[in-house]
Amino acid sequence: MKISAITSLIITTLLLVTITIFAVMDFPFSWVFYLTILGQVLLIFSVLKVLKDSYTTNKTFEDFYEDCPYDREGQFR
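All letters in the sequence shown, in the order written, are residues 4 to 80 by our numbering.
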């Protein structure tokens, strides 16, 4: 099964939030330590996955931000 870039980011985020909760709840150090190591490996994996993702778009810089109604001269419409 192929995991998408966003899925790997979600898994990594959930793991790191879980580690934070475990640390606050005074879980044994070994659990927190090994999950932190796993989280760091997953973070590197996620970054590489995002950077190597074959995402393409037809947008250019001239499209600017789609949620802001600016024209090509930078004037607010």
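Note that beta-carbon positions come from the ideal geometry of N, C-alpha and C, so glycine has one too.
Item, Value
"Need the endpoints of the alpha helix (DSSP H) that Tyr37 sits in, please.", "32-55"
"Look up Thr21 in the DSSP assignment and say whether it is helix, strand or coil.", "helix"
"If we ignore side chains and look at the alpha-carbon of each, how far apart do Ile22 and Thr39 end up?", "7 Å"
"Contact check, Phe48 vs Ser11 under 8 Å by CB: the rounded distance?", "6 Å"
"State the DSSP-derived secondary structure class of Ile2, mapped to helix, strand or coil.", "Here the chain has residues from 4 to 80 only, and residue 2 is not among them."
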